[in-house]
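A.B. asks: Residue numbers (full-length UniProt numbering): 8 to 403.
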Ligand code: PLP
């Protein structure tokens, strides 16, 4: 006799992982599947980083809960170089993926979770598992799906002292959109006014196509936690290494998370932490890897965007990450004749009839539904593409 925790009942396993497994099953059964469902980097892990992993394969000890000091130093240095800030190694917390860190942040913090709609598939289910209330903040396609300072103010002003965390993810999964400096500044001013903690999910920070990615931590240093990791820019999602960088003011929150970590996963795998130092220390070869991978993703994203536009399927031109969030409503009436009225039905039909795997808008917080889907443009040979981008096609 047993019972399942009520908070977990009714939640499906993570949408992205589900679509990946289903695509793999169909592929194994002989179907030709174009896998645009799972947001996994198409590129190999940079050679220097895999070499570091091989070199440390025999590291077998449990590491300190908050992470290896050398890696924490290297991550503080990495953020300081790009953001011109002054973090120290003590501000950094390492975990087995930023997803796990997001989860233990919610366990450690008491308060509401604010999420712009649409947002990555896991923020809301994590909150639901813990029994935390989630508030979706509206954003609009015409506005590049950017949260406005005004929308944040509206939700905070009724109960100004209520503890809250706002998750801001840019470049954004699922829309590929980012923010301008002025927009980040305006949001940070409202967050400061109400004492809202910002979880700045910058896992795609290195995967931006124009100009330079800037963290909102520059404008709200005392209240921003930066989240990043190896998964997206270093192609190492399966290695499971993420990190949070905290301002000194939020050290008690970091300590509370470390208590949870110490009683659950203990620490992140030692060889991976040693290898991650090579990634975060950077170098010319890694700069080059990033330049080429951005070039490839921009080309593929803009090409797909153009092709969709020609079919009257509208999407924002991606500014970063590897996603498009096209709107199929131009075909609403035609689809309805096939009894396709929801984003889930659209994605099921696309997979069954054409072999294209994408994720429905409903997985990104759209209630009521919207006839949109997330398309992860990563189903190509990234190693070959990097060679072409850096080789004979470099100037094309
Ligand atoms: N945040 C966003 C927006 C993501 O898209 C992902 C992965 O898909 C994550 C966080 C989690 O990344 P990881 O746990 O691999 O560090």
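Backbone N, C-alpha and C fix where the C-beta goes; we use that ideal spot for every residue, glycine too.
Pull up the distance between the alpha-carbon of residue 201 and that of residue 393, whole angstroms please.
C.D. replies: 45 Å
A.B. asks: Starting from residue 382, follow the beta strand (DSSP E) in both directions and report where the run begins and ends.
C.D. replies: 380–383
A.B. asks: What residue does the beta strand (DSSP E) around residue 129 start on, and which one ends it?
C.D. replies: Where residue 129 is concerned, there is no enclosing beta strand (DSSP E), given that its DSSP letter is neither H nor E.
A.B. asks: Would you say residue 175 lies against chain D (beta-carbon separation less than 8 Å)?
C.D. replies: Annotation note: the requested chain D is absent from the structure, which comprises a single protein chain.
A.B. asks: Following a CB-centred definition, is residue 122 positioned closer than 7 Å to any heavy atom of ligand 1?
C.D. replies: Checking the Cβ of residue 122 against ligand 1 gives no.
A.B. asks: Under 7 Å from any heavy atom of ligand 1, does the C-beta of residue 104 make it?
C.D. replies: yes
A.B. asks: Hey, which unbroken runs of the alpha helix (DSSP H) at 4 residues or more fall wholly within the stretch 65–117?
C.D. replies: 76–90 and 105–115
A.B. asks: List the endpoints of the continuous beta strand (DSSP E) containing residue 284.
C.D. replies: No beta strand (DSSP E) contains residue 284, which is instead part of the alpha helix (DSSP H) from 277–288.
A.B. asks: Please work out which residues of its chain come closer than 8 Å, Cβ to Cβ, to residue 18, disregarding the five sequence neighbours upstream and downstream, and give them in chain order.
C.D. replies: 132, 135 and 136
A.B. asks: Would you mind working out which of 254, 240, 277 and 278 sits nearest residue 295, comparing C-alpha positions?
C.D. replies: 240
A.B. asks: Please report how far the alpha carbon of residue 106 lies from the alpha carbon of residue 387, in whole angstroms.
C.D. replies: 25 Å
A.B. asks: How big is the Cα-Cα spacing for residue 338 and residue 348?
C.D. replies: 10 Å
A.B. asks: With the cut-off set at 8 Å, would you say residue 102 and residue 249 are in Cβ contact?
C.D. replies: yes
A.B. asks: Would you grab the beta carbon distance between residue 197 and residue 171 for me? Rounded to a whole angstrom, and I think it's under 8 Å.
C.D. replies: About 11 Å separates the two Cβ atoms, so there is no contact after all.
A.B. asks: Look at the Cβ atom of residue 120, then the Cβ atom of residue 139, and state whether they are nearer than 8 Å.
C.D. replies: yes
A.B. asks: With hydrogens ignored, establish whether the beta-carbon of residue 152 is closer than 7 Å to any heavy atom of ligand 1.
C.D. replies: no
A.B. asks: What are the start and end residues of each continuous alpha helix (DSSP H) run of 4 or more residues lying completely inside the stretch 307–358, in chain order?
C.D. replies: 339–344 and 350–356
A.B. asks: Considering only their Cβ atoms, is the gap separating residue 336 from residue 366 smaller than 8 Å?
C.D. replies: no
A.B. asks: Going by beta carbon distance, what residues of the same chain come within less than 8 Å of residue 163, once the five residues before and after it are set aside?
C.D. replies: 169, 171, 197, 200, 201 and 203
A.B. asks: What's the gap between the Cα of residue 86 and the Cα of residue 92?
C.D. replies: The alpha-carbon atoms of residue 86 and residue 92 are separated by roughly 7 Å.
A.B. asks: By the 10 Å Cβ neighbour count, where 16 or more other Cβ atoms means buried, how is residue 166 classified, buried or exposed?
C.D. replies: Around the beta-carbon of residue 166, fewer than 16 other beta-carbon atoms lie within 10 Å, marking it exposed.
A.B. asks: Which term fits residue 404, buried or exposed, when burial requires 16 or more other beta carbons within 10 angstroms of its beta carbon?
C.D. replies: Here the chain comprises residues numbered 8 to 403, so residue 404 is not present and cannot be evaluated.
A.B. asks: Taking only three categories from DSSP, how would you classify residue 143?
C.D. replies: strand
A.B. asks: To which residues of the same chain is residue 342 closer than 6 Å at the C-beta, ignoring the five residues directly before and after it?
C.D. replies: none
A.B. asks: Looking only at its chain, what residues have a beta carbon closer than 6 Å to the beta carbon of residue 252, apart from the 5 residues adjacent to it on each side?
C.D. replies: Within the same chain, 86, 94, 98, 99 and 233 come within 6 Å of residue 252 by CB-CB distance, once the 5 residues on both sides are set aside.
A.B. asks: According to the Cβ coordinates, are residue 325 and residue 183 closer than 8 Å?
C.D. replies: yes
A.B. asks: What number of angstroms, rounded off, separates the C-alpha of residue 352 from the C-alpha of residue 67?
C.D. replies: 47 Å
A.B. asks: Can you name the residues that DSSP bridges to residue 386?
C.D. replies: Note: residue 386 sits in no beta bridge, so no partner.
A.B. asks: Does DSSP put residue 249 in a helix, in a strand, or in coil?
C.D. replies: When secondary structure is reduced to three states using DSSP, residue 249 falls in the strand class.
A.B. asks: Please name the residue, chosen from 160, 141 and 126, that lies closest to residue 147 on a Cα-to-Cα basis.
C.D. replies: Relative to residue 147, the option among 160, 141 and 126 whose CA is nearest is 126.
A.B. asks: What separation, rounded to the nearest whole angstrom, lies between the Cα atoms of residue 391 and residue 34?
C.D. replies: 22 Å
A.B. asks: Quick check: what's the CA-CA separation for residue 59 versus residue 80?
C.D. replies: 17 Å
A.B. asks: With distances taken Cα to Cα, identify the nearest neighbour of residue 36 among 368, 213 and 362.
C.D. replies: 362
A.B. asks: Let's see if you can read the secondary structure: which residues bound the alpha helix (DSSP H) around residue 159?
C.D. replies: 156–164
A.B. asks: Looking at the secondary structure, which residues open and close the alpha helix (DSSP H) in which residue 196 lies?
C.D. replies: 188–201
A.B. asks: Quick check on residue 317: buried or exposed, where buried means 16 or more other Cβ atoms within 10 Å of its Cβ?
C.D. replies: exposed
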